[in-house]
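Data first, discussion second: the structure below is written as structure tokens.
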Amino acid sequence: MIWIFITTLKKTNMEISVGHTPDSDDAFMFYGMFTDKVPSPDFTVNHVIEDIENLNLKATNPELDVTAVSVHACAYIPGYTILRSGGSFGINYGPIVTAKKQMTIEELKKCKIAIPGKMTSAFLLLQLMIGKFDYVEMNFSDIPKAVESGEVDVGLVIHETQLSYEQEGNVKILDVGEWWDKTTNGLPVPLGINVMRTDLGMDTIVKFDKYLQASIEFGIKNFDDALEYAMQYSRGKERSLIEKFVKMYVNPVTVNMGEPGEQAIRKLFEMAKEKGLVPDFEISIATK
Numbered sequence: 088m089i090w091i092f093i094t095t096l097k098k099t100n101m102e103i104s105v106g107h108t109p110d111s112d113d114a115f116m117f118y119g120m121f122t123d124k125v126p127s128p129d130f131t132v133n134h135v136i137e138d139i140e141n142l143n144l145k146a147t148n149p150e151l152d153v154t155a156v157s158v159h160a161c162a163y164i165p166g167y168t169i170l171r172s173g174g175s176f177g178i179n180y181g182p183i184v185t186a187k188k189q190m191t192i193e194e195l196k197k198c199k200i201a202i203p204g205k206m207t208s209a210f211l212l213l214q215l216m217i218g219k220f221d222y223v224e225m226n227f228s229d230i231p232k233a234v235e236s237g238e239v240d241v242g243l244v245i246h247e248t249q250l251s252y253e254q255e256g257n258v259k260i261l262d263v264g265e266w267w268d269k270t271t272n273g274l275p276v277p278l279g280i281n282v283m284r285t286d287l288g289m290d291t292i293v294k295f296d297k298y299l300q301a302s303i304e305f306g307i308k309n310f311d312d313a314l315e316y317a318m319q320y321s322r323g324k325e326r327s328l329i330e331k332f333v334k335m336y337v338n339p340v341t342v343n344m345g346e347p348g349e350q351a352i353r354k355l356f357e358m359a360k361e362k363g364l365v366p367d368f369e370i371s372i373a374t375k
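Going by my numbering, 343 is the number at position 256 of the sequence shown; the sequence numbering is gapless.
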């Protein structure tokens with residue numbers, strides 16, 4: 088008698104670390120991935136949650152395989168390639184500048200402005216808009232209260248706090264997103280992106296890019312469930328405000344940046360290099 092043994096080899100997924108921010112739009116995008124509702128035949132994901140400026144700093148000395156970063160940070164993280172999916176782009180909206188009272192740009196330039204980090208895109212965009220200015224760094228979620236209390240005169244506001252400034256007793260004195268839209272003839276406002284270690288190879292990068300895109304598309308198709316998951320990062324904001332915020336920053340350019348998103352990123356750095364605000368460097372973007 089002849090015995091035939093058939094052995095099935097189980098494919099081992101690649102284990103990767105993925106960093107994202109404790110923000111509702113990021114959580115919404117990763118909902119399908121992190122809940123295993125969108126499984127991958129290629130990757131096992133370990134996720135790390137950090138404030139965006141902490142992730143920017145981690146990326147300067149690569150600690151994570153994949154991470155959310157500010158677009159601005161790309162000037163300082165040569166070991167990473169930009170993914171085409173998962174970007175935060177404003178469509179004629181973006182960071183705003185708030186204060187307790189209205190003031191002119193000339194008055195604003197004389198103030199010390201609270202910013203959410205030196206490597207945030209908001210900081211770079213405001214410098215492009217008004218020139219260099221005096222600033223103090225704060226966690227972005229502390230800025231509205233610091234403005235309201237008078238601890239600082241002016242704050243550069245990002246994330247969902249750009250929608251709640253009136254509730255916090257502040258007024259909008261500048262809209263950086265509107266300025267960018269007019270300056271670039273309608274390019275989306277480049278704020279945040281996801282990047283992956285270049286040394287993992289373009290084939291692996293493209294596979295993960297498609298995996299992230301599938302997670303985002305799943306969240307959009309299952310909006311209520313994904314929003315419920317994202318509410319754990321609402322920081323006490325009401326559901327209607329978080330829903331509005333997610334719909335603003337999970338848009339078609341988030342699913343895939345396409346030509347408009349890529350042009351916006353290249354335009355940002357072209358302008359920044361001309362003004363000496365970033366070093367000369369080469370952008371690496373995942374292939375289509």
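Even glycine gets a Cβ: it sits at the ideal position worked out from N, Cα and C. Given the structure is predicted, the values throughout are model-derived calculations rather than measurements.
Environment of residue i [buried if 16+ CB atoms lie within 10 Å]
i	result
residue 94	Its pLDDT being 42, under 50, residue 94 is placed unreliably in this model, and the value from its coordinates should be taken loosely. Under this definition residue 94 is an exposed residue.
residue 111	buried
residue 171	buried
residue 281	buried
residue 129	exposed
residue 221	exposed
residue 288	exposed
6 Å CB neighbourhood of residue i in its chain, flanking five on each side removed
i	result
residue 115	306, 313, 317, 333 and 337
residue 90	Interpretation of residue 90 is limited by its pLDDT of 45, a score under 50 that renders its predicted location unreliable; the figure taken from the coordinates is listed afterwards. Closer than 6 Å at Cβ, skipping near neighbours: no residue.
residue 75	Absent from the model: residue 75. The displayed extent of the chain is 88 to 375, so no value can be given.
residue 109	136 and 320
Residue from the options with nearest C-alpha to residue i
i	options	result
residue 231	157, 243 and 224	243
residue 161	179, 126 and 284	284
residue 178	374, 347, 359 and 364	347
residue 227	215, 127 and 206	206
residue 365	294, 214 and 124	214
residue 273	236, 351 and 218	351
Cutoff 7 Å; reference residue i; Cβ partners in own chain excluding five residues on either side
i	result
residue 186	234, 240, 241, 257, 258 and 260
residue 165	368
residue 339	none
residue 323	none
residue 349	372
Start and end residues, alpha helix (DSSP H) containing residue i
i	result
residue 281	It is not in any alpha helix (DSSP H) - residue 281 instead sits in the beta strand (DSSP E) that spans 276 to 284.
residue 263	263 to 270
Own chain partners of residue i with C-beta closer than 8 Å, once the 5 adjacent residues on each side are dropped
i	result
residue 329	111, 247, 314, 317, 318 and 321
residue 145	106, 137, 151 and 154
residue 298	120, 125, 127, 129 and 130
residue 97	At residue 97 the pLDDT is 45, less than 50, meaning the model places this residue with poor confidence; the figure from the coordinates comes in the next sentence. Result list for residue 97: empty, nothing under 8 Å.
residue 362	214 and 215
residue 286	166
residue 192	217 and 261
Residue i, enclosing beta strand (DSSP E) - first and last residue
i	result
residue 104	101 to 107
residue 320	No beta strand (DSSP E) contains residue 320, which DSSP labels as neither H nor E.
residue 224	222 to 224
Taking only runs of the beta strand (DSSP E) that begin and end inside the stretch 133 to 180, which ones reach a length of at least 3 residues, in chain order?
153 to 157, 167 to 169 and 175 to 177
Which runs of the alpha helix (DSSP H) at least 4 residues long sit entirely within the stretch 293 to 353? Give them in chain order.
310 to 317, 326 to 336 and 339 to 342
So within the stretch 184 to 219, which uninterrupted beta strand (DSSP E) runs reach at least 3 residues, ignoring any that extend past its ends?
200 to 202
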